[in-house]
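Working notes for the structure below.
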């Protein structure tokens, strides 16, 4: 028996095994939830009264029988019923989050691990957003349970936060208080904890400011001022009572048990299992051996015609192999999903955030580093292009990749071990038909059943669609379906395999009513991409309820598949590629409907452009909307799309999409003869190219924008163009050219009184002076930039300026100043929850601590930085940080750690071809080798560094030559 999983804390969810169960009847759901929570066997009379208190006993019990029948169709094994009673079968295999939540907190003093488990289980209020308006007694029971469980969660969270305070893990404490305040903003005790935590974490100003927030909320909610206890806490913080408890020199660490509990379960992303999977036992056994045996293949391909059941077989295999791949199972539909997005979603599933890596090559390399020793099964569905899929082959030696394709040549080019998948056997075809329709319906018409399967070539997709059509028409004879299939096939002039599938499609299509046909045809607009019901509702000009109802019907007929989105509360849909092609044919060239798709996704982007979680599952549809607008010559819409998406493109590092979008925008602007829009387009295009280090194209676009901006006398655009051109020259060490552009840009921005632009340009001028060795001038410019940024409250801009100021202070050997700048940056990072800048700040603090000879503090900061950088996949910064760790270990005479970190840094830098930094690491490793007495190895390191440095005129050349001469002299002696 499969495990029943009930999640009732938050929006209710029910799973049997890996499959989520959706019950359409709210009363049936209510009945099951009540039985699960109450832990009792109930009389039918009592349950009928609970749910139908407004009806007489006879009518109420009749309704109960109907709802119980609905419930038993999906959960009969988990019920205990008699003539007079109903209950949950407590001996069945089930898990219930409420039971586990209560077990963590009841009857004893909960441990830290139990508290953490309990608050993680509490995903929201009991049966969130679930209401039975015509069952007041049930509603009263739910309300009481909600309050009881809410109080337990509240107390557990407060106790957990106290534990974090004791462990000085203030950041984690702040996170949990914020979670509690989102649920219960009026809870004064939580506001007190927040004030204490902020003060203990060195954020005294933020703690005092939070008192004002608490005061306002208490006044709005209850019309009362803060309590005496809160006022006393404010006075303590204001007097500095908490400052002595705060040490800025050690990164806050979370206790080991917390870290262990926080480790997420291995991801399992396999496609949904088919309810009616039959046969294929020989294939399953062969493939299991191929994927898990001692001589297992690294890449395996299932190759066969469309509709033969490759994806269904993969879904079944994934569940059988789950225990063999302890680090997870990752899936992707490759036909229309961008490789960059697939890599990002896999990284996210593993607990990493690679959104800052804007190109496929770097993102793939970062993920390859994560998976190098992981036992992961990668599932690549519907592989059609070698070029698109090759970057997704990121598994290490311990992992396996399983792909499906229709093309033997593609599988061969990917060096896959190929397994040909053919149609089902006649026996399996009949078994599939029987599984869906039932023995009692198929057996009397066995000959017709065999004829249906033969006509459909025993292709699983075709047989299932025909069977579901018969299931929806319980009075129709199988012989009638066979006759209709025969007639339809004779009308089709197609190859035999195509004809089998198309016959099934046509019969189902012709059986739909006009409204269902219209909805099915409109699905062709999505061309097999994932979509949500609101999009189709807008296109079809229907309300959401009606649309969902019609999608449900198509899903029941196997003409559409439901899938889970990243947001577990939102249902998304996807069609099989063959069905999507068929739907597109039925739609034809329908400009009006294509325009409705365009306008829906433009409106969606405008409403959600700052809601990146909402945008994430829709990126493919958004880009299709933009491309469709371009194809339809809707030029102003193209402009509106690109300008709307510019901010999320840059924020989420989607630079490749941005560059494609700006190419379309340029054509639109030129057609509209809108030169001001063209300037903006070229500017943003150039900036996107800079972010991807494509300096030649960036220079071309920015010079074009500068020329056009001068023609239009658009001083703002002139200043911005010069600013970005200067960044290119600065990165390419063209310092004099960069200085001229920056000076001109700053002059224009000053005339325009553009303070944020001025501050940004001053920062670039500071970097220029720093690289030229003018430390005092660079520090002066940093202070000017900080002054403007603070005046404008540009918190995001302040962070890199503070770190630059710290670097300059270090070069000037002003360690106290460097420490102060870093500490300001650290406080700001925590307030903004900016983990990217936090990693950089930890690195800077490590360098400061090393200069102070505070070895353990330096080591802690460096490892904190490295942990975050691995999450982001920033390999270059990882290499730099590993070099720093090696230098810190050298100071503590830990040569083993120093050599290990240095070699890891060198390997990364060589992979990245960062020759300038390679010279530094080779010199350092040479010194370590000499220190450990290995003169030959030291000579090799120094010689390699010298050879690489010669081509760059590296500043270490003289030092390396001296080292080599010393070693050679020692050899002679």
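Residue numbers (the working numbering): 309 to 1281. Where is the CB? At the ideal position from N, CA and C, for every residue including glycine.
- Shown here, residue 918 sits in coil according to DSSP, grouped into three states, outside any helix or strand.
- Here the stretch 424-441 makes contact with the stretch 449-462; the two share three or more CB pairs at distances below 8 Å.
- Here DSSP, grouped into helix, strand and coil, assigns residue 1205 to helix.
- Judged by beta-carbon spacing, residue 663 lies beyond the 8 Å limit of residue 999, meaning their Cβ atoms are not closer than that value.
- Within the DSSP bridge table, the entry for residue 709 names 607 and 686 as partners.
- Inter-residue distance for residue 677 and residue 1198 is about 26 Å (C-alpha atoms, whole angstroms).
- For the set 1023, 1071 and 787, the Cα lying nearest the Cα of residue 1038 is the one of 1071.
- The residue among 600, 1163, 318 and 863 with its C-alpha nearest the C-alpha of residue 879 is 863.
- Contact check for residue 1114 against residue 1130 passes: the beta carbons are separated by less than 8 Å.
- Within the same chain, Cβ atoms closer than 7 Å to the Cβ of residue 351 are found at 392 and 393, the five residues on either side in sequence being excluded.
- For residue 639, the enclosing beta strand (DSSP E) begins and ends at 637-641.
- Distance from the CA atom of residue 651 to the CA atom of residue 671, rounded to whole angstroms, is 7 Å.
- Under DSSP, the beta-bridge partners assigned to residue 322 are 314.
- Every alpha helix (DSSP H) stretch that sits fully inside the stretch 785-858 and reaches 4 residues is listed by chain position as 786-799, 804-819, 822-830 and 841-848.
- Around the beta-carbon of residue 1017, 16 or more other beta-carbon atoms lie within 10 Å, marking it buried.
- Counting every other CB atom within 10 Å of its CB across the protein chains shown gives residue 717 a total below 16, marking it as exposed.
- Pairwise C-beta distances place the stretch 890-910 in contact with the stretch 810-830, as three or more of them are shorter than 8 Å.
- The Cβ atoms of residue 1097 and residue 1105 sit closer than 8 Å to each other.
- Here residue 1235 carries a helix assignment [DSSP, helix/strand/coil].
- Assigned with DSSP and collapsed to three states, residue 350 falls in strand.
- Annotation: residue 942 is outside any alpha helix (DSSP H) and is labelled neither H nor E by DSSP.
- Annotation for residue 989: 970, 973, 974 and 977 place their beta carbon closer than 6 Å to its own, counting only its chain and skipping 5 residues before and after.
- Nearest to residue 463 by C-alpha distance, out of 474, 488 and 548, is 488.
- Secondary structure at residue 1219: helix, using DSSP grouped into helix, strand and coil.
- Inclusion of residue 445 and residue 316 in the CB contact set at 8 Å is not warranted, their separation being larger than that value.
- Under the 10 Å beta carbon count, residue 816 is surrounded by 16 or more other beta carbons and is classified as buried.
- DSSP, read as helix, strand or coil, puts residue 719 in helix.
- Secondary structure note for residue 882: it is in no alpha helix (DSSP H), and the uninterrupted beta strand (DSSP E) holding it is 879-882.
- For residue 1267, the three-state secondary structure derived from DSSP is helix.
- Beta-bridge pairing by DSSP links residue 727 to 610.
- DSSP places residue 395 in the strand class (E or B) of the three-state scheme.
- Ranking 620, 607 and 577 by CA distance to the CA of residue 588 puts 620 first.
- If you check the CB distance, residue 314 and residue 402 come in under 8 Å.
- For residue 403, the enclosing beta strand (DSSP E) stretches over residues 402-404.
- In this structure, the straight-line span from the alpha carbon of residue 336 to that of residue 324 is close to 16 Å.
- For residue 869, the three-state secondary structure derived from DSSP is strand.
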